[in-house]
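*Asks:*
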Amino acid sequence: MLFTTLLFLVGCKPKQIITEKVVTKIDSTAVISLKNELHAKEIQVENLKTDFKRLSDGNTRLMSEASSHTINYDTAAPVNPHTGKYPIASETITQSKSFLEKTIKEFEIQEQEYNNEIYKLTRENQNLEYSLETLKEENHSLKEKITPTTGFNFKLFFAGMIFGIVLILISIAFKNKILSLKKPSNL
0 MLFTTLLFLV GCKPKQIITE KVVTKIDSTA VISLKNELHA KEIQVENLKT
50 DFKRLSDGNT RLMSEASSHT INYDTAAPVN PHTGKYPIAS ETITQSKSFL
100 EKTIKEFEIQ EQEYNNEIYK LTRENQNLEY SLETLKEENH SLKEKITPTT
150 GFNFKLFFAG MIFGIVLILI SIAFKNKILS LKKPSNL
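Take the sequence shown: its letter number 74 is residue 73 in numbering that gives the first Met the number 0, and every next letter is one higher.
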């Protein structure tokens, strides 16, 4: 009898119910890693800006040094009739235009390289910020999609229990009825 009841419970089971459970783990290590990388790139950009400013200040100092020269005349000697000036006793000319121009060109090349590096790092920073925002939005949307579900359907379980009890009661009543019919009556 018990075997029959179990057979009915298991045999009349509805098709398997598929439940979906979404488990989401928020990977905050990727967010922290991107923030650290972004911070490192910002520091690198600031260092390049500082180097650029220092080099441009040095460039203007070189230009002002290159334009100075000194001429000392010998005023004790007679005036030169061809030039109308005293003869030159000593002359110090620190005119190094070629060196200055070469230095300026080097600084301009360095400036261009620094500007390119700053542009590249700025783009990397923007890409990292975009990736960070994308991860934040993805984590936020995954948090919203989580639906708590249980894998066990209590309604079906209780309906099966009630059906099984009713079936057992019916089978007992039926068995009693059959037994009462088989017994000879003592009249």
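Cβ coordinates follow ideal geometry from the N, Cα and C atoms, glycine included.
Quantities reported herein were computed from a predicted structural model and do not represent experimental measurements.
By DSSP, does Asn126 sit in helix, in strand, or in coil?
*Replies:* As a working note, residue 126 is residue 127 in the sequence shown. Asn126 falls in the helix class under three-state DSSP.
*Asks:* I'd like the span of the alpha helix (DSSP H) that includes Asn79, first residue to last.
*Replies:* Residue 79 sits at position 80 when you count from the first residue of the sequence shown. If you look at Asn79, you'll find it isn't in any alpha helix (DSSP H); DSSP assigns it neither H nor E.
*Asks:* Where does Tyr72 sit, in a helix, a strand or coil, going by DSSP?
*Replies:* Sequence index remark: in the sequence shown, residue 72 carries index 73 (1-based). It is a strand residue.
*Asks:* For Leu33, is the classification buried or exposed, using 16 other Cβ atoms within 10 angstroms of its Cβ as the cut-off for buried?
*Replies:* Within the sequence shown, residue 33 is the residue found at index 34, counting from 1. Its Cβ being crowded by 16 or more others within 10 Å, Leu33 is buried.
*Asks:* Closer than 7 Å by C-beta to Glu188: which residues in its own chain qualify, once you throw out the five before and the five after it? Chain order, please.
*Replies:* Limits of the chain in this structure are 0 at one end and 186 at the other, which puts residue 188 out of reach.
*Asks:* For Asn124, which residues from the same chain have a beta carbon less than 8 Å from its beta carbon, with the 5 sequence-adjacent residues on both sides left out?
*Replies:* In the sequence shown, the residue the question calls residue 124 occupies position 125. Excluding positions up to five away in sequence, the list reads Leu37, Lys40, Glu41 and Val44.
*Asks:* Spatial neighbours of Ala172 within its chain, please: CB distance less than 7 Å, with the 5 preceding and 5 following residues excluded, ordered by chain position.
*Replies:* Stepping through the sequence shown from its first residue, residue 172 is reached at position 173. Closer than 7 Å at the Cβ level, and outside the excluded window around Ala172, lies no residue.
*Asks:* Going by Cα to Cα distance, which pick from Lys48, Phe106 and Val30 is closest to Ile117?
*Replies:* Position 118 of the sequence shown holds residue 117. The shortest C-alpha separation from Ile117 is found at Lys48.
*Asks:* Which residues mark the beginning and the end of the alpha helix (DSSP H) in which Lys84 is found?
*Replies:* Here residue 84 refers to the residue found at position 85 of the sequence shown. Here Lys84 belongs to no alpha helix (DSSP H), and DSSP marks it neither H nor E.
*Asks:* What does DSSP give as the partner residues of Thr91 in its beta bridges?
*Replies:* To locate residue 91, count along the sequence shown from 1; it is residue 92. Thr69.
*Asks:* Give me the Cα-Cα distance between Glu110 and Asp50, rounded to the nearest whole angstrom.
*Replies:* Residue numbering aside, residue 110 sits at position 111 when the sequence shown is read from its first letter. Residue numbering aside, residue 50 sits at position 51 when the sequence shown is read from its first letter. For Glu110 and Asp50, the distance between alpha carbons rounds to 9 Å.
*Asks:* In three-state terms, what does DSSP make of Asn138?
*Replies:* Translated into the one-based positions of the sequence shown, residue 138 becomes position 139. The answer is helix: DSSP assigns Asn138 an H, G or I state.
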